[in-house]
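S.K.: Right, I'll just put the structure down here and ask away after.
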């Protein structure tokens, strides 16, 4: 069947469909909310409410009058400038043409393959490396933002010794003097301790291993506060040795996540996101069961001869995957699940045991479960059994090792091992007998058993569990040496600090989630002459070569040594090395370095004594507290990264702060009114919330509370990474104290976290339990900056005083899709009109135009100010056929996971400024993309749906903004872009007022930083840096379009489909965004828009959006409890 | 209450009121005139340079092609100012001791760039791209004037937006065959080196005159039109120069 998108489907009953809402205040329809959404700009956004800035403004006014009248003013459009050519131009550089270099962005020891854009030697943008298995072209938000870390003006700029400036030579000499005698022989009796995060780098590992070999008393501590030992423990238990686990979500029909946010965090999440997302894109010509699982071609595939199945995108409707998630704190993964069970983290293992029993896995004892959870077990087990060998059960890193072992047994029982779940040799380097944990190290330090401590970019003084007083014990070590990018909490306690080079400044190697090695190459010379870890160690050990390049090269040149770790690495002779090296550096991956598969059978393992609790944390007295790495600041290392601080957190949409998250039922139990918060000042931005005091094991902390409708009851979650005192100017907040009164962003959850319960603990007031209580701090409020609901599209019809429910995110389940694939076409508010039209006007004859992509009913005649030639196929009939382009974008909401990588990518590409918490609360955040998070259903109900929708300028063909601009600063281009000309904008803001999508952003103040030199280096030279008083918005990355156009026109050819990737599209790990030319036959965007689920957001306003969305189609299991029958 | 002003002042007040629109209008005209004046646009200005480099000598007298030094003009938006090394290619051999070249030798020795003063200084929000103009048949001299007659480089046009737009609206008035792009002496009617009427060459066309179907461009070897009007239209068609609507889109130059 070829669904014809121009034919209006029969009207549907939509009255019963629940309303979509963004916040609890919207759900209850509070008066504050209804008033706030009526204003285009939040109250106060346009005013100088702040006394200081008003005074400053008057001062500036005076200054500008002086400038305009007095001397020193330059009246020409451009100030005089110099041209500084090279003295000798490097061969590969053509000034003005960007180059791309492959590298890998490290996070907790694992690397994600990237391509770094370099403009005349300045890294300006990070893209995913399509050849790298951990990326496949996508990136996460951390990787995108890591470039800003390099330009961080607060980076450490030199070597210090006891706080005084020193030099790298002196530092190395001091370390060398301690470790080696005059002859250069190691002083064997030195009790040396190394502290690193997880290490996968083969070069660094070889160096460290050698160092440990030279000093018999040396030990190596690894500390990574945001990662866990569970996988190691679990695989050791199940297989007798630590293994690394990878998954192939592209082959999984059913996925069960036990508290695992595999889409949103952890190494390989970008890859998993892509694999998972591909199984969520419903396509008419998508992959069939035969394409995915092999075997004979079935009947569905018969009519599709054009595409090789490798090149097919998406899946046939019957191959849509199904995701079950059991978790406490809503994550990206949980939000896109078909079935989500909100269960306290401590009960997840009990749940898994019950499931294992149902599946017939031998051994695990049972544990009590709530009725709601019990109802899940049977249908879930049936579904998993039905898809044996085609399913995945994945356990989260915050769960204990015993659960990971159990999950290994379940996957083995289901026959998934080797098909969808893969075990391979562990990737992290841990020489046997030499590795200790931070707690042991701290104890040794306290007992003065350590002579020398070398810390390699680990901020343990901040991130150690509170019962491990690492920071206080640094002074008990005779010699302390710190290598790091910042003078952070740990650096200031050490005697020596050497500034570390950023990964974009140095040579190195690192392994991806599957073990594949990437050679990291410097894109720029170290800004502050920093040293990398390998260079520093080479210096201290007086190695023959000390240059980063030579060190990495030497490791790989010595193929026999490398093959001990990488048995599949191809043998090359000496002459072939240069080819190998160049290829490896260029491609960003070394072939044959993926961790070799390990087929060790499941050991004689039985689920021993349950480590899971036997009591259910109920609303009674017991609570569970969860510690999680922050979704934007990670373990705190990104605390000084403005992009990540201001990035709305994927699910909660908070910026600049962390909070105590809990469900509304829990809040009620604690005596908080779930609609307790008030928006003051700015619309939605400034949320006034209560402050709670958590007492946990005798330690107290004050923090703001945020009610999250689908958090597990009886459980609270706090995020690590905030409250850093020495992160830099972004994290320090003089004049903006946190809930505890300290001048830092957020609260420090590490100050509650203990080493025996790193991730979660249950406590209550009764004796014999962990002391855990939560009380409201009376009469104290805190303001959180939350972007959810800012720039809301909600609109009240002024004539009938009725708030339209526009159903911005349209969704259905597979049953609805099979019945009516184009269910998303008709907005609920137009259903009645549609019925009338269907009644009175005959439906147009069935169009057989494959390339008809109008998301509109052709019987509805557009009223347009623009001349309507050939249904907008072109604005310029004068152009040659192959020069007529209709740029368009489609976003598959079913694949979008809300991860927010696109938001940071857009910020990086388009020089979008960071405005700060105070400005966010006024509704002045500048992100061009906002990822709206809607809920549908009642808060706390099992059917509460979380829906994500990226919203940016949709480039309306009938753009309402254009007709109201008095100066013609926003006009249409021939290829259908809604151009925004910054230099013509005078800042009337009429356009934004008239924009129904609310995607225009106004520079109320000079948000762009024109003063900080390092930040200037990182800007995209192809995009203007906007100053105060200018409106801006998404341009579909017009600089990339024009750039590609120029290249194609120069070469007298057409632009190929996929040649232009917008920043968001390129970053999107799940591949949910596609961009291209609608005039191009079979372009990806044309194919997507021809899908029946394609719909135009607010298309009923006749704006004719060029950006359309593909509706969400979930795949609930009818046998599950709470599955709604029909929609 | 007595009047403050005597009645005799009434005509003066009337005159002032009557003159107000004139004052306003003349202020506007004055500002517009100032904006377009040579002072504000910098037209015909010749900024001082650290090295007294003469295009008249190198181009006019020696006949060095523009692209010998400005190598990136065909591949990049920015037509590079040559690296010191490019100067030294020749000046290691000739005029090694000339005082005029002292800054060049110094730059080469100390590996510090020569700080040239920008002559064609566009505002930061205008994204001009050399390569596409050269590829579509806009000659160097069309914007930069007769460099073979300039000693120190002079700003030839106003660089006002209207100057750009005029050509974007009617490119046919300025296009020339690609083989003549860097020529300083080109006119549509100028005969070729042998004094015969100029003919179409392979280098005038994309892919050296090979059409996508493998055949030769039919115009090859035939005489070129000798008036700009006719020639321009042929070139606009052959070079697929886009129409005025497209070429005056804001995002063509501003982003």
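Chains as they are written, first to last, in the working numbering: chain L, 4 to 1130; chain B, 108 to 362. Glycine is no exception: its CB is placed at the ideal position from the N, C-alpha and C atoms. Given the structure is predicted, the values throughout are model-derived calculations rather than measurements.
1) Output the distance between the C-alpha atoms of residue 351(B) and residue 962(L), rounded to the nearest integer angstrom.
2) If you check the beta carbons only, do residue 289(L) and residue 316(L) fall under 8 angstroms apart?
3) Give a yes or no on whether the minimum CB-CB distance between residue 1115(L) and chain B is below 8 angstroms.
4) Taking DSSP as the reference, what is the three-state secondary structure of residue 472(L)?
5) Short check: CB of residue 339(B) to CB of residue 280(B), under 8 angstroms?
6) So with Cβ pairs under 8 angstroms, would you call residue 908(L) a contact of chain B?
7) Can you give me the C-alpha to C-alpha distance between residue 617(L) and residue 347(L), rounded to a whole angstrom?
8) Determine the chain B residues that contact residue 85(L) at a beta-carbon separation under 7 angstroms, and present them in chain order.
9) Could you give the DSSP three-state label for residue 225(L): helix, strand or coil?
10) Starting from the N-terminal side, write out each stretch of the beta strand (DSSP E) that is 3 residues or longer and does not extend beyond the region 936-1012 of chain L.
11) Is residue 127(L) close to chain B? Criterion is C-beta to C-beta, closer than 8 angstroms.
12) So residue 1(L) and residue 139(L) are in contact, right, with Cβ under 8 angstroms, and what is the actual spacing, rounded?
13) Residue 211(B) to residue 185(B), Cα distance in whole Å?
14) Using a Cβ-Cβ cutoff of 7 angstroms, what residues of the region 247-267 of chain B are near chain L? List them in chain order.
15) Kindly identify the DSSP beta-bridge partner or partners of residue 1034(L).
16) Could you spell out the range, first to last residue, of the alpha helix (DSSP H) harbouring residue 145(B)?
17) Taking only the alpha-carbon atoms, compute the straight-line gap between residue 246(L) and residue 362(L) and give it to the nearest angstrom.
18) Compare the Cα-Cα distances from residue 920(L) to each of 158(L), 406(L), 648(L) and report the closest residue.
19) Let's see if you can read the secondary structure: which residues bound the beta strand (DSSP E) around residue 789(L)?
20) Output the distance between the C-alpha atoms of residue 177(L) and residue 564(L), rounded to the nearest integer angstrom.
21) For residue 603(L), which residues from the same chain have a beta carbon less than 6 angstroms from its beta carbon, with the 5 sequence-adjacent residues on both sides left out?
22) Residue 101(L) to residue 119(L), Cα distance in whole Å?
23) Output needed for residue 199(B): all residues of its chain with C-beta closer than 8 angstroms, excluding positions within five of it in sequence on either side, in chain order.
24) Is there at least one Cβ from chain B nearer than 8 angstroms to residue 982(L)'s Cβ?
25) Could you tell me the distance, in whole angstroms, from the CA atom of residue 946(L) to the CA atom of residue 939(L)?
26) Note down, in chain order, each residue of its chain lying with its Cβ closer than 7 angstroms to the Cβ of residue 438(L), except the 5 sequence neighbours on either side.
27) Starting from residue 597(L), find everything on chain B with Cβ-Cβ shorter than 7 angstroms and list it in chain order.
28) Closer than 8 angstroms by beta-carbon distance: list the chain B residues that pair up with residue 1027(L), in chain order.
29) Out of curiosity, what's the CA-to-CA distance linking residue 1116(L) and residue 999(L)?
30) Going by beta carbon distance, what residues of the same chain come within less than 6 angstroms of residue 323(B), once the five residues before and after it are set aside?
31) Take residue 741(L) as the anchor and find which of 704(L), 970(L), 450(L) has the nearest alpha-carbon.
32) My output table needs one value for residue 1109(L): the three-state DSSP class, helix, strand or coil.
33) Please identify the residue among 1043(L), 824(L), 480(L), 707(L) whose C-alpha is closest to the C-alpha of residue 321(L).
34) Under 7 angstroms Cβ to Cβ from residue 169(L), same chain only, skipping five residues before and after it: list those, please.
35) How many angstroms separate the CA atom of residue 73(L) from the CA atom of residue 779(L)?
36) Please state whether DSSP places residue 46(L) in a helix, a strand or coil.
M.R.: The answer reads as follows:
1) Taking the second chain and counting its residues from 1, one reaches residue 351(B) at position 244. Taking the first chain and counting its residues from 1, one reaches residue 962(L) at position 959. About 22 angstroms.
2) For the purposes of this step, residue 289(L) is taken as the residue at position 286 of the first chain. For the purposes of this step, residue 316(L) is taken as the residue at position 313 of the first chain. For residue 289(L) and residue 316(L), yes; Cβs fall inside 8 angstroms.
3) As a position in the first chain, residue 1115(L) is number 1112, starting the count at 1. No, no contact with chain B.
4) As a first step, residue 472(L) is located in the first chain; it is residue number 469 there, counting from the start. If DSSP states are grouped into helix, strand and coil, residue 472(L) belongs with coil.
5) Numbered from 1 along the second chain, position 232 holds the residue referred to as residue 339(B). Numbered from 1 along the second chain, position 173 holds the residue referred to as residue 280(B). Result yes, Cβ atoms of residue 339(B) and residue 280(B) sit closer than 8 angstroms.
6) Here residue 908(L) is taken as the residue at index 905 of the first chain, counted from 1. Chain B contact via Cβ: absent.
7) Stepping through the first chain from its first residue, residue 617(L) is reached at position 614. Stepping through the first chain from its first residue, residue 347(L) is reached at position 344. Only weak support exists for where residue 617(L) lies, its pLDDT of 45 falling under 50; the coordinates are left without a value.
8) Working through the first chain from its first residue, we reach residue 85(L) at position 82. Neighbours of residue 85(L) on chain B, chain order: 222, 223, 224, 225.
9) Locating residue 225(L) in the first chain gives position 222, counting from the first residue. Residue 225(L): strand per DSSP, three-state reduction.
10) 948-954, 973-975, 981-983
11) Here residue 127(L) refers to the residue found at position 124 of the first chain. By this cut-off, residue 127(L) is not an interface position.
12) Residue 1(L) lies beyond the stretch modelled for chain L, which goes from 4 to 1130, so this question has no answer here.
13) One-based indexing of the second chain puts residue 211(B) at position 104. One-based indexing of the second chain puts residue 185(B) at position 78. Taking the straight line joining both Cα atoms gives about 22 angstroms.
14) none
15) Residue 1034(L) sits at position 1031 when you count from the first residue of the first chain. According to DSSP, residue 1034(L) bridges with 1005(L).
16) Your numbering for residue 145(B) matches position 38 in the second chain. Start and end: 145-148.
17) As a working note, residue 246(L) is residue 243 in the first chain. As a working note, residue 362(L) is residue 359 in the first chain. Going by the C-alpha atoms only, they are around 24 angstroms apart.
18) By 1-based counting over the first chain, the position of residue 920(L) is 917. Selected option, being the one with the closest Cα: 648(L).
19) Reading the first chain from its first residue, position 786 is the one you call residue 789(L). 773-789 is the extent of the beta strand (DSSP E) around residue 789(L).
20) For the purposes of this step, residue 177(L) is taken as residue 174 along the first chain, with counting starting at 1. For the purposes of this step, residue 564(L) is taken as residue 561 along the first chain, with counting starting at 1. Distance between the alpha carbons of residue 177(L) and residue 564(L) is about 31 angstroms.
21) As a position in the first chain, residue 603(L) is number 600, starting the count at 1. These residues qualify, in order along the chain: 242.
22) To locate residue 101(L), count along the first chain from 1; it is residue 98. To locate residue 119(L), count along the first chain from 1; it is residue 116. Spanning the two alpha carbons is a distance of roughly 10 angstroms.
23) On the second chain, residue 199(B) is found 92 positions in, with the first residue counted as 1. Counting only Cβ-Cβ distances below 8 angstroms, and skipping sequence neighbours, we find nothing.
24) As a position in the first chain, residue 982(L) is number 979, starting the count at 1. At least one chain B Cβ lies under 8 angstroms of residue 982(L).
25) On the first chain, position 943 is the one that residue 946(L) refers to. On the first chain, position 936 is the one that residue 939(L) refers to. One C-alpha to the other measures close to 8 angstroms.
26) Reading the first chain from its first residue, position 435 is the one you call residue 438(L). Hits under 7 angstroms: 223, 225.
27) Counting from one through the first chain, the residue named residue 597(L) turns up at place 594. Ordered by position in chain B, no residue passes the 7 angstroms Cβ test against residue 597(L), which lies about 38 angstroms from the chain.
28) For this step, residue 1027(L) is matched to residue 1024 along the first chain. Within 8 angstroms Cβ-Cβ: 231, 232, 361, 362.
29) For the purposes of this step, residue 1116(L) is taken as residue 1113 along the first chain, with counting starting at 1. For the purposes of this step, residue 999(L) is taken as residue 996 along the first chain, with counting starting at 1. Their Cα atoms are separated by approximately 26 angstroms.
30) For the purposes of this step, residue 323(B) is taken as the residue at position 216 of the second chain. Excluding residues within five positions, the ones whose Cβ falls inside 6 angstroms are 316.
31) Stepping through the first chain from its first residue, residue 741(L) is reached at position 738. Measuring from the Cα of residue 741(L), the nearest candidate turns out to be 704(L).
32) Walking along the first chain from the start, residue 1109(L) turns up at place 1106. Three-state result, residue 1109(L): coil.
33) Sequence index remark: in the first chain, residue 321(L) carries index 318 (1-based). The shortest Cα separation from residue 321(L) among 1043(L), 824(L), 480(L), 707(L) belongs to 824(L).
34) Here residue 169(L) is taken as the residue at index 166 of the first chain, counted from 1. Only 162, 163 meet the Cβ criterion.
35) Translated into the one-based positions of the first chain, residue 73(L) becomes position 70. Translated into the one-based positions of the first chain, residue 779(L) becomes position 776. Reliability fails at residue 73(L), whose pLDDT of 42 lies under 50, so the model's placement of it is uncertain and the value that follows must be treated cautiously. Computed Cα separation, rounded: 59 angstroms.
36) The residue labelled residue 46(L) in the question sits at position 43 within the first chain. Interpretation of residue 46(L) is limited by its pLDDT of 48, a score under 50 that renders its predicted location unreliable; no figure is taken from the coordinates.
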